[in-house]
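Protein sequence lines correspond, in order, to chains A and B.
Position one of the first sequence corresponds to residue 5 (this note's numbering), numbered consecutively onward.
Position one of the second sequence corresponds to residue 654 (this note's numbering), numbered consecutively onward.
Here is the structure we will look at.
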Amino acid sequence: MKSSIGLNNILQFLLFVALQILLMDNLVLYSTGFCYIYVAFLLFLPININRLLLLFLGFLVGFTVDIFYDTMGIHAAASVLMAFLRPLLLNLLTPRDGYDISDSVNIHKMGKGWFLAYTFTLLLIHHAAVFFLERISFDDVLQTLLKIVLSVLFTGVVIIILQLLFFSPKRTSRA
Amino acid sequence: MRNLFAFIYRFRAFLVFVLLEVLCVFLIVRYNTYQGAAFFNSANKYVGEVLEFQSGITDYFRLANVNSTLARENAVLRQELLQYRRASLIDSTSNLDTTFFAVTDTLKAYPFVLHAGRVINNSVRRTNNTLTLAVGTADGVEPGMGVIASNGVVGRIKTVSKNYSTATSLLHSQMLISAKIKKNNTMGTIKWAGGDYRTALLDYVPLHVKLAKGDTVVTSGFNTVFPEGIMVGTISSVAKEPDKSFFTIKVKLAVDFAQLSYVYVVDNRKTAEREKLEQNAGILPNEE
């Protein structure tokens, strides 16, 4: 099982952050559906990655987006939370006979059920953190919840499209 | 001691997680309350360059709009200029003997200077919206200055670097602007409640005031940020709620924030003097 980050992941970092800042910033559905595609970088990291490294990478990617969004700390906090919970969720979702050497976060390799459960749970955690930190208070909860649900669906669909388009069934990972 | 290290080592992931989260919360709190010295924001040089590159491309798609806005502004300015010319032809007091009239009326010297700036980053759909402008300290912009567009109020400068600055948009949950209703000078406070970026609320207008749909709301000039009489918007609906002592007024904003391309930063040359006077007199500014 690949556990260190390679050139692939660095490229993905640049690609997803650029996509987030240059394109997705302008793409908002009905003022409620946001696409935080940079999260895909954290989702697609190797399954067996060091937990500490994952936390720092989470902080790094969130902080980068924060700088461009002028929302100091919000995306970083949500990404670190997601990075912390990712290994726990991966444990919960372990297949019957453990993870394989060649396993990676790939919709063809791990199956649709596993991939959807993994992606949408982590997206829900991340987006909920972002939108509640943005509001700080709990007033207007319905509006916030609507934002969370729509945004999770939006980001999730984009991530699935990315997987189907760019991640081949044969090779382990390709950006 | 060894047990302690063993403990720390065992829970290292959790401890690092807690540390990073504390750092994030610290950043959130500090950045939201503390004006000024924030280095990591879109006024940063490199970030500004990326944003400028992006807006360099997207601006092409808005050229037609920018042109028509500028042409309209030119027309208005020309009209005003004509009025002044006519007035100066009729009014000849300035030609009279200076012994009878004080020639230099200091109030007439307009204390506001405008710095034009290009908007290179803008948002309208978040809870707290901000702008990034391609003007900075090199052009004389400082934190706390007001930002207006040709058709109305936009926001307030938050941080400045050499060539870039960030501004808090009117569409920010913590932004308050002192305003008044033009026809009867009733004071109120403009606040954006989130949601639709074309409407804001006008708070603290007492129930005895007579209002009508379509009334114009302008800045009050009671603080040093904006000059008096800058357009904010027009009243789009007025409601009396049974348990409140103020009207609930919705204002249709004059500025279309989604279309902003060029704005002016208002440099009030007399801010320091006025603020010092008010501070010495023990008067707190009515806005933060």
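The C-beta atom is built at its ideal place from N, Cα and C for all residues, glycine as well.
No experiment lies behind these values; they were computed from the predicted model shown.
Neighbours of Gln-707 (chain B) in chain A, taken as residues whose beta carbon is under 8 Å from its own, are Ile-25 and Leu-26 in chain order. Residue environment analysis places Pro-859 (chain B) among the exposed positions, since fewer than 16 neighbouring C-beta atoms fall within 10 angstroms of its C-beta.
Put simply, of A:Thr-123, A:Leu-96, A:Leu-59 and A:Phe-170 the residue whose alpha carbon is nearest the alpha carbon of Leu-668 (chain B) is A:Leu-59. In this structure, Ser-172 (chain A) keeps its C-beta atom at 8 Å or more from the C-beta atom of Phe-38 (chain A). Interface with chain A (8 Å Cβ-Cβ cutoff): Asn-816 (chain B) is excluded.
Among the residues of the segment 782-807 of chain B, those with a Cβ less than 8 Å away from any Cβ of chain A are Thr-783 and Thr-785, in the order of the chain. Setting aside the 5 residues that flank it on each side, Val-21 (chain A) is surrounded in the same chain by Tyr-42 and Thr-68, each with a C-beta closer than 6 Å to its C-beta; the list follows chain order. Inclusion of Ile-883 (chain B) and Val-806 (chain B) in the CB contact set at 8 Å is warranted, their separation being smaller than that value.
Against chain A, a Cβ distance below 9 Å from Arg-665 (chain B) picks out Arg-55 and Leu-56.
One finds Phe-670 in chain B with Cβ atoms closer than 7 Å to the Cβ of Phe-88 (chain A), taken in chain order. A buried status is given to Tyr-684 (chain B), since no fewer than 16 other beta-carbon atoms sit within 10 Å of its beta-carbon. Looking at the backbone, the Cα of Tyr-662 (chain B) and that of Val-84 (chain A) are separated by about 19 Å.
Between the C-alpha atoms of Asp-712 (chain B) and Ala-769 (chain B) there is a straight-line separation of about 16 Å.
Beyond the five residues adjoining it in sequence on each side, Thr-780 (chain B) comes within less than 7 Å, by CB distance, of Ser-826 and Gly-847 in the same chain, given in chain order. In terms of beta-carbon proximity, Leu-680 (chain B) lines the interface with chain A, with at least one pair separated by less than 8 Å.
Of all alpha-carbon atoms in A:Ile-129, A:Ile-105, A:Leu-26 and A:Ser-106, the one lying nearest the alpha-carbon of Leu-47 (chain A) is that of A:Ile-129. Within the segment 118-142 of chain A, contact with chain B at the beta-carbon level (separation under 9 Å) is assigned to Phe-135, Leu-137, Glu-138, Arg-139 and Ile-140. For Ser-818 (chain B), the beta-bridge partners assigned by DSSP are B:Leu-786 and B:Val-813. Assigned with DSSP and collapsed to three states, Ala-659 (chain B) falls in helix. DSSP places Ala-853 (chain B) outside any alpha helix (DSSP H); the residue lies instead in the beta strand (DSSP E), whose first and last residues are 852-856. Secondary structure at Val-777 (chain B): coil, using DSSP grouped into helix, strand and coil. Rounded to the nearest whole angstrom, the C-alpha separation of Lys-113 (chain A) and Ile-105 (chain A) is 12 Å. The beta carbon of Asn-697 (chain B) sits closer than 8 Å to some beta carbon of chain A. Excluding five sequence positions before and after Thr-852 (chain B), the CB atoms of its chain that fall closer than 7 Å to its own CB belong to Ser-889, Lys-903, Val-904, Lys-905 and Leu-906, given in chain order.
Along the length of the segment 831-917 of chain B, whole beta strand (DSSP E) runs at least 3 residues long occupy 839-844, 852-856, 869-872, 884-892 and 901-906, reported in chain order. With respect to Phe-158 (chain A), Thr-148 (chain A) sits apart: the two C-beta atoms are not nearer than 8 Å. In the three-state reduction of the DSSP assignment, Ala-769 (chain B) falls in the strand class.
Taking 8 Å as the CB threshold, Val-32 (chain A) lines the interface with chain B.
Interface annotation for the segment 909-941 of chain B against chain A: empty, criterion Cβ-Cβ distance under 7 Å. No Cβ-Cβ contact shorter than 8 Å links Arg-809 (chain B) with Gly-793 (chain B). Selection B:Val-700, B:Lys-866, B:Ala-724 and B:Ala-666 evaluated against Leu-57 (chain A) yields B:Ala-666 as nearest (Cα-Cα). Closer than 8 Å to the CB of Arg-809 (chain B) there is not a single CB belonging to chain A. Proximity of Ile-78 (chain A) to chain B, defined by a Cβ-Cβ separation below 8 Å, is satisfied. Contact between Ile-681 (chain B) and Ile-78 (chain A) holds, since their C-beta atoms are separated by about 6 Å, short of 8 Å. By the neighbour-count criterion, in which 16 or more other beta carbons inside 10 Å mark a residue as buried, Lys-893 (chain B) falls on the exposed side.
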